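Be aware that the sequence shown starts at 52, since it is given in our numbering, and climbs by one per residue. Each residue gets a CB set at the ideal place from its N, CA and C atoms; glycine is no exception. Since we're looking at a predicted model, the values are computed, not measured.
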Amino acid sequence: DGLTDILHANIQFSEAASMERGDFNSLFTMIQSEWTNHYAGIRAANTFLANVGNVVTTNTALIDRLTAEVRVIRAYLYLKLIMLYGDVPLVLEPLTISEGQDVTRTPVADIWDFIDTELDQCANILPETQSEKGRITKGAALAIKARALLYQGNYSEAATIANTIITMNKYSLYPKYGELFDYPAENCSEVILDKQFIKDVYKNNAFLLGPYSHKNSGSAYVPTKRLVDAYEMRNGMGINEVGSGFDRDNPYENRDPRLKFSVFVKGAQLYNGEIYDPTPGSGTRDEIGGTYLATSLGYNIKKYVNEEDFGDPSNCAINVILIRYAEILLNYAEAKIELNQIDQSVYDAINAIRGRSDVNLPPVETGKTQSELRDIVRHERMIELAFEGHRLFDLRRWKTAETEIPGYVEGMTYKNPEEEYITVKIDGFLKAFDKNKHYLWPLPKKETDLNTNFQQNPGW
């Protein structure tokens with residue numbers, strides 16, 4: 052999300068900021084690390100699958116289940132790889148170093164077929180419920196398949212699989228969006244697959260995404276005006292619509308409640324007892340320009356930043372959700388809309404999300420055109436799934452990245468001492484997206500040096 056229109060890399064001289072500007076190449080650390088980390092996972096999976104048959108046991112059901120779990124993980128990793136790089140080597144067994152230098156790139160279409168088949172087979176093996184929290188289930192395998200089918204543009208099958216998950220009656224929306232990313236909601240009925248953490252043992256530092264005044268948090272990525280302005284008013288109207296009731300002097304009031312649940316905005320209560328005020332001239336530790344570590348746009352991420360972690364902010368145990376039921380509802384609605392099979396079930400899926408008890412936005416009324424509903428479901432994905440890692444792949448598959456991403460990075464609007472409205476803007480910083488090259492990342496330079504079979508992606 053930090054490489055899209057909804058977040059900004061706060062440190063201007065960071066590699067991520069260069070990638071925002073489109074000023075990156077095959078030597079960049081992120082380009083290499085994503086490739087390396089995903090193939091490390093794939094190699095671990097392949098090693099397991101190549102050797103699990105050597106285990107002497109009469110519990111064949113356990114072996115079958117564990118094998119299916121590992122195959123799902125491998126398919127999930129390939130899904131992410133091809134969305135980043137396009138054609139990549141489809142490696143299904145451990146390789147020697149020399150064999151690794153001789154592999155070729157497999158066409159994306161073939162990898163999609165592999166992913167679909169793997170997930171379908173594994174879903175038939177895996178149980179609906181696992182006794183150990185965090186393990187992959189039948190629903191998780193199907194949910195990854197529904198996402199993969201949507202990304203492929205196979206809307207008919209995507210709708211079918213998403214509907215299969217819906218009719219399992221295994222999952223449901225958590226009643227309160229504002230509590231969904233806090234500890235009490237872990238392993239709730241909305242979570243289909245997450246990455247589990249344990250304090251002191253396997254921890255994360257999600258708390259450090261928050262404001263600088265929270266124990267000198269890093270503010271690595273900060274929300275943009277583009278995202279904040281996209282949150283509707285409580286009456287369902289956009290802030291720029293005539294009659295919406297938007298008040299420039301109180302811009303965060305009477306808005307879609309998901310705004311304040313997801314973003315620290317001026318006036319928010321901080322966990323250190325202070326009131327969040329990043330306004331230039333405020334003199335607070337979060338003041339824009341006070342330090343390069345404070346927000347540069349006047350906003351900070353709130354999702355996953357929990358008060359329970361304030362005392363030990365680098366030792367968080369909050370689970371990170373990878374797939375949740377709300378995404379399945381949105382996947383189903385989008386697929387049906389793209390097929391132009393618009394019926395009540397499409398409206399029901401979208402309105403269920405808008406109708407959570409602590410969101411309670413007006414329902415989308417029936418009678419919309421396909422084009423109108425397409426805009427609505429894309430808007431809901433932007434808002435509902437903000438900071439959960441969906442935005443880059445969504446913009447790529449919709450082929451809208453070249454219009455949505457480029458431009459100046461803007462933040463909060465405030466009044467200066469002369470009572471003039473000023474919108475924060477990062478001078479000289481322009482997000483960029485070249486449609487001729489940026490829809491895929493380059494293959495890492497080290498990989499093309501080691502393997503002469505690899506031809507670089509177009510434009511790189």
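Cβ-based neighbour list, residue i, same chain, cut-off 7 Å, excluding 5 preceding and 5 following
| i | result |
| --- | --- |
| Met284 | Ile290, Ser295, Gly296, Phe297, Asn305, Arg306 |
| Gly458 | Leu481, Lys482 |
| Thr157 | Asp138, Val139, Pro140, Leu141 |
| His89 | Leu128, Lys131, Leu132 |
| Leu135 | Glu85, Trp492 |
| Ile176 | Asp115, Arg116, Ala119 |
| Asn214 | Tyr383 |
| Asp280 | Ile290 |
| Tyr322 | His265, Glu358, Phe361 |
| Ala236 | Tyr225, Glu230 |
| Val475 | Ile339, Leu348, Gly349, Glu461, Gly462, Met463 |
| Thr417 | Tyr398 |
Own chain partners of residue i with C-beta closer than 6 Å, once the 5 adjacent residues on each side are dropped
| i | result |
| --- | --- |
| Arg125 | Ile93, Ala96 |
| Arg122 | Glu169, Cys173 |
| Phe258 | Val356, Asp360, Pro364, Cys367 |
| Ser313 | Lys353, Lys354, Ala437 |
| Ile162 | Tyr129, Ile133, Leu141 |
| Ala442 | The question names Ala, yet the displayed sequence has Arg at residue 442. So the list reads Asp52, Thr55, Ile57, once near-sequence residues are dropped. |
| Gly510 | Asn487, Lys488 |
| Leu424 | Ile388 |
Coil, strand or helix - residue i by DSSP
| i | result |
| --- | --- |
| Gly318 | coil |
| Glu455 | helix |
| Cys239 | coil |
| Met134 | helix |
| Asp115 | helix |
| Cys296 | Looking at the sequence shown, residue 296 is not Cys but Gly. Looking at Gly296 - three-state DSSP - the assignment turns out to be coil, as it is neither helix nor strand. |
| Ala400 | helix |
| Ala483 | coil |
| Gly462 | strand |
| Asp164 | helix |
| Lys488 | coil |
| Lys476 | strand |
| Leu494 | coil |
| Val154 | coil |
| Leu54 | coil |
| Val142 | coil |
CB contact flag (residue i, residue j, <8 Å)
| i | j | result |
| --- | --- | --- |
| Leu278 | Ile57 | yes |
| Asp233 | Asn370 | no |
| Gln421 | Ile401 | no |
| Val159 | Asn502 | no |
| Asn366 | Lys250 | yes |
| Pro495 | Gln83 | yes |
| Tyr202 | Phe444 | yes |
| Leu100 | Thr118 | yes |
| Pro536 | Arg407 | It is not possible to answer for residue 536, since the shown part of the chain is limited to 52 through 511. |
| Glu547 | Ser240 | Summary: the structure shown does not reach residue 547, with the chain confined to residues 52 through 511, and so no result is reported for it. |
| Tyr228 | Asp409 | yes |
| Thr22 | Pro329 | Since the displayed the chain opens at 52 and closes at 511, residue 22 lies outside it and no answer follows. |
| Leu381 | Gly287 | no |
| Tyr327 | Gly318 | yes |
| Ala197 | Ile216 | yes |
C-beta neighbour in chain C for residue i, strict 8 Å
| i | result |
| --- | --- |
| Val460 | No chain C is present in this structure, which holds just one protein chain. |
Across the segment 198-215 and the segment 384-391, are there enough close Cβ pairs to call them in contact, namely three or more that are closer than 8 Å? Under the 8 Å Cβ criterion, the segment 198-215 counts as touching the segment 384-391, having at least three qualifying pairs.
The segment 184-193 / the segment 326-336 touching (three or more Cβ pairs under 8 Å): With the rule of 3 Cβ pairs closer than 8 Å, the segment 184-193 does not count as touching the segment 326-336.
Entirely enclosed alpha helix (DSSP H) segments - the segment 300-379, minimum 4 residues: The DSSP assignment places 309-313 as complete runs of the alpha helix (DSSP H) inside the segment 300-379, in order along the chain (cut-off: 4 residues).
Which runs of the beta strand (DSSP E) spanning at least 3 residues fall entirely within the segment 206-294, listed in chain order? Secondary structure within the segment 206-294: the beta strand (DSSP E) runs of 3 or more consecutive residues, fully enclosed, are 242-246, 272-274 (chain order).
Which full runs of the alpha helix (DSSP H) of 4+ residues lie inside the segment 73-106, going along the chain? For the segment 73-106, whole alpha helix (DSSP H) runs of length 4 or above, ordered along the chain, are 80-102.
Below 8 Å, how does it come out for the segment 350-357 and the segment 482-495: are there three or more Cβ pairs, yes or no? No contact exists between the segment 350-357 and the segment 482-495.
For the pair the segment 58-75 and the segment 265-276, tell me if three or more CB-CB distances fall below 8 Å. Counting Cβ pairs under 8 Å, three or more are found: they touch.
Fully enclosed by the segment 406-441, which alpha helix (DSSP H) runs are 4 residues long or longer? Taking only runs of at least 4 residues, the alpha helix (DSSP H) segments lying wholly in the segment 406-441 are 421-435.
Evaluate the contact criterion for the segment 377-387 versus the segment 432-444: three or more CB pairs, one atom per stretch, below 8 Å. Yes, since at least three Cβ pairs between the segment 377-387 and the segment 432-444 fall closer than 8 Å, the two stretches touch.
Any chance you could list the alpha helix (DSSP H) runs of at least 4 consecutive residues sitting entirely within the segment 171-206, in chain order? Runs found: 189-203.
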